[in-house]
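Structure first, then comments.
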Amino acid sequence: MTTALVLFFVASALLGYRIITAVPSLLHTPLMSGMNALSGITLIGAIALYATAPPEASLWLIAALLLSTINIAGGFWVTERMLKMFKGNKQENGDKAPWQ
Amino acid sequence: MAVKTIVAIFIISGFLTGIYLMQSPRNALWGNRLGALSMLVAVIYTLVITGIEPFSTPVIVIAVGTAAGFILGQQVKMIQMPQTVALLNGFGGAASALVAFVALTSLFGGVLFTFTALLALSLGTLTLGGSLVAVIKLHGSALGNFPRGRWLGRLLSTLILLTLFFVVLGSLLPETIFFRLAPMTTALIAGLLMAARIGGADMPITISLLNSFSGIAASLAGIAAGNLLLTGTGALVGVAGLILTRIMCKAMNRGLLAVLAGFTASFSAKDSSGKMGNITQTADTIVKEEQPALETIISNARSVIIIPGYGMAVAQAQAAVADLATALEAMDKTVKFAVHPVAGRMPGHMNVLLAEAGIDYDKLLDLENANQLFKTTDLAIAVGACDVINPAANSVENCPISGMPILEAEKAGHIVIFNLDQEPGYSGVENLLYKKANVTTIWGDASETIPTLTARVDRIE
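Chains as they are written, first to last, in the numbering used here: chain A, -14 to 85; chain B, 4 to 464.
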């Protein structure tokens, strides 16, 4: 298990490094708020623990659940709001999805 | 490979693809949505495999948290984005600390488990402390004059070393509750102190660093809890934060350690301005009244670059600047905006504020592209920008901004500078541009002075 964990850590960090460095400075704020939302991933750790932890720990876990969901929802929503404001030249159809 | 591993790889790939889409502003919105969708899948999958009932407490808490997050995200203004991200960082850090704390009391593992859990606990509380101070500082001027003496730097390093000491001892003596509370306390104080010491214009660095910490804390909590998805995603956030921290440090020509130690105060601003007095006096002899009327300069200019600084955002003059750009474009001039990486209180903040004012992103130039264009530009208009256009960064040795990459506005044919007053910027270095012959300075609140110029432009035939 430990090997798998270390492998995940290293692989994510390296792949992330490659992809994140190519994000232009124009989008650094949405990048950061989006990554901020991802750090709320602790939520799944809290859910998994909730199922097994003794009852006296549940109050702490409820606090963790609440804080991390606020982190996730708030983070993704501010990113959505910001990115909607970024408009390019009107001739290009900016509203189309990448696969269109 | 277990199903869990495959699911974790699948979801992390979703996150990575989302970030990949953020490499272009056209696809970025879909990138964010893909990230959110992947997160939703991760949460539902975890709820299902842990067998939590659909109407039980955790599900209700998650629903409440989601609603609260949306309300918060909807309420904040774009100018408040730095403190919003800082606050959410703090929440993320606190959640990781709590998860690590519960893992320590309910799971049992070897020395390595206790060590990572205690590290996660410490880094999580440090992130919480630092973020709360950053929120307060960004929201008002409180704590702005926090002392930055060297003894405080030593106290900070001592606290961090003490935290590590407690973590190591605690992992050898996992049953002792003292070694859970002690590193938490020292890390919390270290976080508070660290953010309190870092000054206003260094905020982009603080926020990037806290962002990174919140990710690393989540990743460590993941290692402790044996959760692959948590470990991988946390690492991703940690790396992103570190990349942005490095970019911000480069843009200010500051070492990370120097920023953390609050070295701004150790430079004597008096010394540098004294030295520069001689330089500016020579330029002073050029009489400003010889300039042709601003109207003539504007109507002759074919290309214009506007340089917005944080002062513009403080004066809330974004809309006025957008109007000025429209008026200039109506006269068939090309108008571009040059954005310095640290123009704002978090990385990329200025681009968001300009986008909010309705300015197309293809008119926004980054540092390198802007500096290639200045020599062939007829007119540069700086609004609330001081340090980032100060040629002292290139020409004066040993001043606080020496070597800092600047927007080379001085290469433009003529420069109009809007600023609240003649006071130097955050660095305390006098702006060498103010007294040059081809520079027009207009003092006052940009939200009033810009519309006046726009009106003058409109009257040009």
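Ideal placement from N, C-alpha and C gives every residue a C-beta, glycine not left out.
Name the residue from the options whose alpha carbon lies nearest to the alpha carbon of residue i.
i        : options                                : result
B/Ala328 : B/Glu413, B/Gln319, B/Gln321, B/Val338 : B/Val338
B/Ala185 : B/Val391, B/Leu175, B/Leu167           : B/Leu167
B/Gly95  : B/Phe216, B/Gln86, B/Tyr23             : B/Phe216
B/Gly17  : B/Val432, B/Leu239, B/Leu164, B/Leu368 : B/Leu239
B/Ser306 : B/Ile14, B/Lys80, B/Met334, B/Met197   : B/Met334
B/Phe169 : B/Val399, B/Arg157, B/Phe118, B/Gly127 : B/Phe118
B/Pro394 : B/Met25, B/Val317, B/Ser405            : B/Ser405
B/Gly68  : A/Ile55, A/Leu46, A/Ala48, A/Ile47     : A/Ile55
A/Lys69  : B/Asn30, B/Met353, B/Ala412            : B/Asn30
B/Ala440 : B/Ile409, B/Val419, B/Val399           : B/Val419
B/Leu141 : B/Thr455, B/Gln78, B/Met315, B/Ala198  : B/Ala198
B/Ala360 : B/Met81, B/Val10, B/Ala89              : B/Met81
B/Ser125 : B/Phe73, B/Leu223, B/Ala137            : B/Leu223
A/Leu11  : B/Val432, B/Thr379, B/Leu410, B/Val345 : B/Val345
B/Ala449 : B/Ile463, B/Arg462, B/Gln321           : B/Gln321
Exposed or buried, which one is residue i when buried takes at least 16 other CB atoms within 10 Å?
i          : result
B/Lys291   : Note that B/Lys291 has pLDDT 49, beneath the 50 cutoff, so the model's placement of it is unreliable and the number below is only indicative. Exposed, because fewer than 16 other Cβ atoms sit within 10 Å of the Cβ of B/Lys291.
A/Met(-14) : exposed
B/Phe421   : buried
B/Gly93    : buried
B/Ala520   : This structure leaves residue 520 of chain B out entirely; chain B is present only between 4 and 464.
B/Asp424   : exposed
A/Gly1     : buried
A/Trp45    : buried
B/Lys273   : Any reading at B/Lys273 needs caution, since the residue's pLDDT is 36, under 50, leaving its predicted position unreliable; the model's value is listed next. That one is exposed.
A/Trp62    : buried
B/Arg157   : exposed
B/Asn281   : Residue placement at B/Asn281 is flagged as unreliable, the pLDDT there being 37, under the threshold of 50; the coordinate-derived value follows with that caveat. The residue in question, B/Asn281, is exposed, as its Cβ has fewer than 16 Cβ neighbours within 10 Å.
With residue i as the anchor, note down where its beta strand (DSSP E) starts and where it stops.
i        : result
B/Asn422 : 417 to 422
B/Lys339 : 337 to 341
B/Val386 : 382 to 386
For a cutoff of 7 angstroms on Cβ pairs, would you count residue i as touching chain A?
i        : result
B/Gly447 : no
B/Phe216 : no
B/Gly351 : yes
B/Ser41  : no
B/Val262 : no
B/Met255 : no
B/Ile9   : no
B/Val465 : No information on residue 465 of chain B is available, as it lies outside the stretch 4 to 464 that chain B covers here.
B/Thr337 : no
B/Leu239 : yes
B/Pro57  : no
B/Phe182 : no
B/Asp2   : Lying outside 4 to 464, the shown extent of chain B, residue 2 of chain B is not represented and no answer is given.
DSSP three-state call for residue i: helix, strand or coil?
i        : result
B/Val1   : The question about residue 1 of chain B has no answer here: the residues shown for chain B are numbered 4 through 464.
B/Ser306 : strand
B/Thr248 : helix
B/Val432 : coil
B/Thr444 : strand
A/Tyr2   : helix
A/Pro39  : coil
B/Leu176 : coil
B/Pro350 : coil
B/Leu410 : coil
A/Pro15  : helix
B/Lys291 : In this prediction, B/Lys291 has a pLDDT of 49, which is less than 50 and means its spatial position is unreliable; nothing more can be read from the coordinates.
Would you say residue i reaches chain B, if we count a Cβ-Cβ gap shorter than 7 angstroms as a contact?
i          : result
A/Thr14    : yes
A/Thr(-12) : no
A/Pro39    : yes
A/Phe(-7)  : yes
A/Leu51    : yes
A/Leu44    : no
A/Asn78    : Here the model assigns A/Asn78 a pLDDT of 49, short of 50, so the residue's position is not dependable, and the following value carries that caveat. No - not a single Cβ of chain B is within 7 angstroms of the one on A/Asn78.
On the DSSP letters alone, give me the boundaries of the alpha helix (DSSP H) that residue i sits inside.
i        : result
B/Thr108 : 84 to 109
B/Ile74  : 60 to 78
B/Ser211 : 206 to 228
B/Pro186 : 181 to 200
B/Glu451 : 449 to 462
B/Asp390 : Here B/Asp390 belongs to no alpha helix (DSSP H), and DSSP marks it neither H nor E.
B/Glu332 : 321 to 333
B/Met25  : Counting along the chain, B/Met25 falls outside any alpha helix (DSSP H), and DSSP gives it neither H nor E.
B/Glu371 : 370 to 376
B/Thr117 : 114 to 142
B/Asn35  : 31 to 52
B/Tyr313 : 313 to 317
Starting from residue i, find everything on chain D with Cβ-Cβ shorter than 7 angstroms and list it in chain order.
i        : result
B/Ala198 : Looking for chain D here will not work: the only protein chains present are A and B.
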